[in-house]
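Engineer:
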Amino acid sequence: MSLAAGLGASLVTLGSTSVSASGTSIEVTRSPSCGCCSAWIAHLRRAGFSIEEKLLDDLTPFKARLGVPDDLQSCHTAMVGGYVIEGHVPAQEILRVLAQRPTATGLAVAGMPIGSPGMETGGPPDRYDVVLFGARGRQIFARY
Numbered sequence: 063m064s065l066a067a068g069l070g071a072s073l074v075t076l077g078s079t080s081v082s083a084s085g086t087s088i089e090v091t092r093s094p095s096c097g098c099c100s101a102w103i104a105h106l107r108r109a110g111f112s113i114e115e116k117l118l119d120d121l122t123p124f125k126a127r128l129g130v131p132d133d134l135q136s137c138h139t140a141m142v143g144g145y146v147i148e149g150h151v152p153a154q155e156i157l158r159v160l161a162q163r164p165t166a167t168g169l170a171v172a173g174m175p176i177g178s179p180g181m182e183t184g185g186p187p188d189r190y191d192v193v194l195f196g197a198r199g200r201q202i203f204a205r206y
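For the sequence shown, this note's numbering begins at 63 and goes up steadily by one.
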């Protein structure tokens with residue numbers, strides 16, 4: 063992968079299109095007891111996103127209402143620019159989806175892979191996919 067999982071800059075350039083997270087508000091809904099969600103939010107803040115945080119004890123009905131498939135669910139769900147962001151999606155992939163604007167419901171990183179943003183443990187990272195999902199099906203948007 064040409065971009066590191068831990069985005070330090072808040073600007074991504076894609077061909078002639080660039081998108082900055084600076085000033086972009088992302089609404090994150092998470093469980094009040096989840097620590098890795100807070101670490102993922104810190105990753106987004108470092109990338110320049112403005113965070114609006116909501117706490118919810120049971121996210122299952124919320125995720126279902128947004129159209130997140132059961133097998134792609136993780137511990138937190140965000141909304142930005144009309145897209146659902148499920149789980150530990152790297153900030154640069156959120157910026158890329160905002161720049162490219164594909165027809166989709168959103169992006170997901172299923173589960174809680176070690177080494178993904180918010181899940182850094184110092185050990186060897188897991189391989190994981192960032193999946194673009196929606197009414198037209200699914201495709202791998204990025205691979206780590």
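All residues carry an ideal CB built from backbone N, CA and C; glycine is no exception.
Give the secondary structure of I113 by DSSP, where H, G and I count as helix, E and B as strand, and everything else as coil.
Structural biologist: Here residue 113 refers to the residue found at position 51 of the sequence shown. In this structure, I113 counts as strand in the three-state DSSP scheme.
Engineer: If you follow the alpha helix (DSSP H) that E155 is part of, which residue opens it and which one closes it?
Structural biologist: Taking the sequence shown and counting its residues from 1, the one referred to as residue 155 is at position 93. That run of the alpha helix (DSSP H) goes A153 to Q162.
Engineer: Take the Cβ of F124 as the centre, count every other Cβ of all protein chains shown within 10 Å, and call the residue buried at 16 or more, exposed below.
Structural biologist: On the sequence shown, residue 124 is found 62 positions in, with the first residue counted as 1. When all chains shown are included, F124 counts as exposed.
Engineer: Comparing alpha-carbon positions, which option in I176, T183 and V151 lies nearest L194?
Structural biologist: On the sequence shown, residue 194 is found 132 positions in, with the first residue counted as 1. The shortest C-alpha separation from L194 is found at V151.
Engineer: Considering only the alpha carbon of each residue, which of R107, S93 and G85 lies closest to A153?
Structural biologist: Within the sequence shown, residue 153 is the residue found at index 91, counting from 1. Answer by Cα proximity: R107.
Engineer: Where do the N-terminal and C-terminal ends of the alpha helix (DSSP H) with H105 fall, by residue?
Structural biologist: Numbered from 1 along the sequence shown, position 43 holds the residue referred to as residue 105. Its alpha helix (DSSP H) spans residues G97 to R108.
Engineer: What would DSSP say about R198, mapped onto helix, strand or coil?
Structural biologist: On the sequence shown, position 136 is the one that residue 198 refers to. DSSP places R198 in coil when its eight states are reduced to three.
Engineer: Say the cut is 7 Å; is the CB of A197 nearer than that to a heavy atom of the ligand COA?
Structural biologist: For the ligand COA, the structure offers nothing, since it holds no ligand at all.
Engineer: Can you find the residues in the same chain that come closer than 8 Å, C-beta to C-beta, to I202, ignoring five residues on each side of it along the sequence?
Structural biologist: Position 140 of the sequence shown, counted from the first residue, corresponds to residue 202. Taken in chain order, the residues that qualify are D191, V192, V193 and L194.
Engineer: Report the partner residues of R205 according to the DSSP bridge assignment.
Structural biologist: Counting from one through the sequence shown, the residue named residue 205 turns up at place 143. According to DSSP, which records beta bridges pairwise, R205 is partnered with D191.
Engineer: Which term fits R127, buried or exposed, when burial requires 16 or more other beta carbons within 10 angstroms of its beta carbon?
Structural biologist: Within the sequence shown, residue 127 is the residue found at index 65, counting from 1. Exposed, because fewer than 16 other Cβ atoms sit within 10 Å of the Cβ of R127.
Engineer: L169 by DSSP, collapsed to three states: which one?
Structural biologist: Taking the first residue of the sequence shown as position 1, residue 169 is located at position 107. Strand, per DSSP.
Engineer: What three-state label does DSSP hand A126 in the structure shown?
Structural biologist: On the sequence shown, residue 126 is found 64 positions in, with the first residue counted as 1. Correct three-state label for A126: helix.
Engineer: Decide if I103 is buried, meaning its Cβ has at least 16 other Cβ atoms within 10 Å, or exposed.
Structural biologist: Along the sequence shown, one-based indexing puts residue 103 at 41. So I103 counts as buried.
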